[in-house]
Amino acid sequence: MTEPAAPKDPYELLGIPRSASVEEVKRAYREAAKRLHPDHNSGPAGEERFSQVVEAYQALLDPERRAALDEALAGAEKGDDRGAASFERVAPGLVEGVTRVVGGVLEQVKEGVARRWSLGKDLRYTLPLSFGEALIGCEKRVEFDAPVRCVACKGRGRVEDEAGRVVCARCIGHGVVVASRRFSLEIPPGTSSGQLTRIPKGGVPGLRGGPEGDLTFIVEVVPHPYLTKEGDDLCCLVPLPATTAIGGGRLRVPTLEGSTVIEIPSGVQTGQVFRLAGRGAPAPGGRRGDLKVTVEVEAPRTMPEAVRRLLLEAERADPAAVFPRSTALRLSLEGKDE
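Given below as structure tokens:
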């Protein structure tokens, strides 16, 4: 099967007119790159066509290089050799090797070797945040090892020496090495799981000088063991020893910043709520909601016999005063047994 002839210039490679805007160039490149990516088009011809599309895209995004291309292509259409000279002088980076315009056709001369590089892959990094970090916001410093462009050969995989171009010893010809990557991210208040922070060209560089992919941080908020969010308020359910519920006392409760102590009056029942103003989640206007602490009375699993007898005596003496709710229920159900 005969391969279709290559388009005559970068505009035809991307299928756009010479008057195309920058956004039109970007849109055409994304569509062409998706269609011609080597992952979907195997073989040297497919890789070469894909590399041409990337090179054309990079040239058309640079105003000076684009102006030189327009001048060169216009001159070539008129049979003017000065167009080719202008192209070689101002835009030598369109392709690797020597580039010239002959009869209006963009021709690549690469020392007889077709270019073989690949588009870099995207990176995704899961960024764990504590419940407090996500609610209040913070600066998060991240460090991890990942592929980066080789500085020895500038990602080309080859270096110049006295004998000519040879394989780069540092990256062994790949143009990519593994190194530590460091980032500082500003986490805004109210961040939730699944939110993304994208860094263009922060991903893996392509082999042998190919462009980088993107880096995306994906937030994963670790749930708090006690606190939950309800609007601008924070809520927690705290066990309350029966002795404190009976006689009153101090109870330590969790907060967004750590913990604090609240005073419990005597006679507290399960389900009673204590509200701590301004200790909740950040809200618009710089204020904060409240922290709502709900207590759950915890009965003792064991107790001294003397204590048990005292409780029973107190209940017999005045059950309605000691346990009003259970006494009211018992009286309302008496005589209704099945």
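With the sequence shown counted from 1, adding 5 to any position gets you our numbering. Just so you know, even glycine gets a beta-carbon here, dropped at the ideal spot from N, CA and C.
Does DSSP classify R313 as helix, strand or coil? By one-based count along the sequence shown, residue 313 stands at place 308. Under the three-state reduction of DSSP output, R313 falls in the helix class.
Taking 6 angstroms as the limit between beta carbons, can you name the residues of its chain near C240, skipping five residues before and five after? Translated into the one-based positions of the sequence shown, residue 240 becomes position 235. Hits under 6 angstroms: T233, K297.
Any idea what DSSP makes of S346, helix, strand or coil? Any question about residue 346 goes unanswered here, given that the chain covers just 6 to 343.
Could you tell me if A250 is buried or exposed, where buried requires 16 or more neighbouring beta carbons within 10 angstroms of its beta carbon? Along the sequence shown, one-based indexing puts residue 250 at 245. Around the beta carbon of A250, 16 or more other beta carbons sit within 10 angstroms, so the residue counts as buried.
Would you check whether the ligand SAH has a heavy atom nearer than 7 angstroms to the C-beta of G142? Among the components of this structure there are no ligands whatsoever, and the ligand SAH is therefore not found.
Exposed or buried, which one is A64 when buried takes at least 16 other CB atoms within 10 Å? As a working note, residue 64 is residue 59 in the sequence shown. Answer is buried; the Cβ neighbour count reaches 16.
From the beta carbon of D238, is the nearest beta carbon of chain B less than 8 angstroms away? Absent from the structure is chain B; it holds one protein chain and no more.
Name the two residues that bound the continuous beta strand (DSSP E) containing P289. Position 284 of the sequence shown, counted from the first residue, corresponds to residue 289. Counting along the chain, P289 falls outside any beta strand (DSSP E), and DSSP gives it neither H nor E.
Starting from D150, follow its DSSP beta bridges and name the residues at the other end. Within the sequence shown, numbered from 1, the residue matching residue 150 stands at position 145. According to the DSSP secondary-structure assignment, D150 is paired through a beta bridge with S185.
Report all residues from its chain with a CB closer than 6 angstroms to the CB of Y426; omit the five preceding and five following residues, and keep chain order. Residue 426 is absent from the model: the chain starts at 6 and stops at 343.
Curious, which full-length alpha helix (DSSP H) runs of at least 4 residues does the region 241 to 273 contain? For the region 241 to 273, whole alpha helix (DSSP H) runs of length 4 or above, ordered along the chain, are 247 to 252.
Using C-beta distances below 8 angstroms, list every residue in its chain close to S264, excluding the 5 sequence neighbours before and after it, in chain order. Counting from one through the sequence shown, the residue named residue 264 turns up at place 259. Its chain contains R257, V258 as the residues whose beta carbon lies nearer than 8 angstroms to that of S264, once the 5 sequence neighbours on both sides are disregarded; these appear in chain order.
Count the CB pairs spanning the region 135 to 149 and the region 208 to 221 that are closer than 8 angstroms, and state whether there are at least three. Contact annotation: the region 135 to 149 does not touch the region 208 to 221, with fewer than three C-beta pairs closer than 8 angstroms.
Endpoints, the beta strand (DSSP E) within which T332 is located: Here residue 332 is taken as the residue at index 327 of the sequence shown, counted from 1. Element bounds for T332: not the beta strand (DSSP E) but the alpha helix (DSSP H), 329 to 338.
Close Cβ partners of G276 (< 7 angstroms) along its chain, the five nearest in sequence each way excluded: For the purposes of this step, residue 276 is identified with residue 271 of the sequence shown, where counting begins at 1. So the qualifying residues of the chain are T299.
Between the CA atoms of G285 and E69 - distance to the nearest angstrom: Counted from its first residue, the sequence shown places residue 69 at position 64. Counted from its first residue, the sequence shown places residue 285 at position 280. Between the alpha carbons of E69 and G285 lies a gap of roughly 55 angstroms.
Taking the straight line between their C-alpha atoms, what separation do you get for Q274 and H229? Position 269 of the sequence shown, counted from the start, is the residue given in the question as residue 274. Position 224 of the sequence shown, counted from the start, is the residue given in the question as residue 229. C-alpha separation (whole angstroms): 25 angstroms.
Residue range of the beta strand (DSSP E) that includes L281: On the sequence shown, position 276 is the one that residue 281 refers to. In the DSSP assignment, L281 falls within the beta strand (DSSP E) that extends over 278 to 281.
Short of 7 angstroms in beta carbon distance, which residues of its chain neighbour E29, apart from the five on each side in sequence? Order them along the chain. Stepping through the sequence shown from its first residue, residue 29 is reached at position 24. These residues qualify, in order along the chain: I21.
The region 173 to 183 touching the region 155 to 164, judged by at least three CB pairs closer than 8 angstroms: The answer is yes - the region 155 to 164 touches the region 173 to 183, with three or more Cβ pairs under 8 angstroms.
Could you give the C-beta distance for P194 and L140, rounded to a whole number, given that I count them as a contact under 8 angstroms? One-based indexing of the sequence shown puts residue 194 at position 189. One-based indexing of the sequence shown puts residue 140 at position 135. The Cβ separation is near 7 angstroms, so the contact holds.
Per DSSP, what are the beta-bridge partners of I192 in this structure? Counted from its first residue, the sequence shown places residue 192 at position 187. The partner list for I192 (beta bridge, DSSP) reads C143.
Rank P210, G253, L261, G208 by C-alpha distance to the C-alpha of Y231 and give the top, closest one. To locate residue 231, count along the sequence shown from 1; it is residue 226. Considering only alpha carbons, the answer is L261.
Look up K31 in the DSSP assignment and say whether it is helix, strand or coil. Start at 1 with the first residue of the sequence shown, and residue 31 comes out as number 26. Helix at K31.
In angstroms, rounded to a whole number, what distance separates the CA positions of G254 and D237? Here the question's residue 254 lines up with position 249 in the sequence shown. Here the question's residue 237 lines up with position 232 in the sequence shown. Using only the alpha carbons, I get a separation of about 29 angstroms.
Which residue from F222, L281, R129, V172 puts its Cα closest to that of D295? In the sequence shown, counting from the first residue as 1, residue 295 sits at position 290. Selected option, being the one with the closest Cα: L281.
Pick from P210, L245, L334 that is closest to A304, judged by C-alpha positions: Residue 304 sits at position 299 when you count from the first residue of the sequence shown. Comparing Cα positions, the closest option is L245.
Among V153, R203, T131, nearest to R186 - alpha-carbon criterion: Within the sequence shown, numbered from 1, the residue matching residue 186 stands at position 181. Checked all of V153, R203, T131; the closest Cα to R186 is V153.
Could you tell me the boundaries of the beta strand (DSSP E) in which E235 lies? Within the sequence shown, numbered from 1, the residue matching residue 235 stands at position 230. It spans 233 to 235 - the beta strand (DSSP E) in which E235 sits, taken as one unbroken run.
Cutoff 7 angstroms; reference R203; Cβ partners in own chain excluding five residues on either side: Stepping through the sequence shown from its first residue, residue 203 is reached at position 198. So the list reads D219, T221, once near-sequence residues are dropped.
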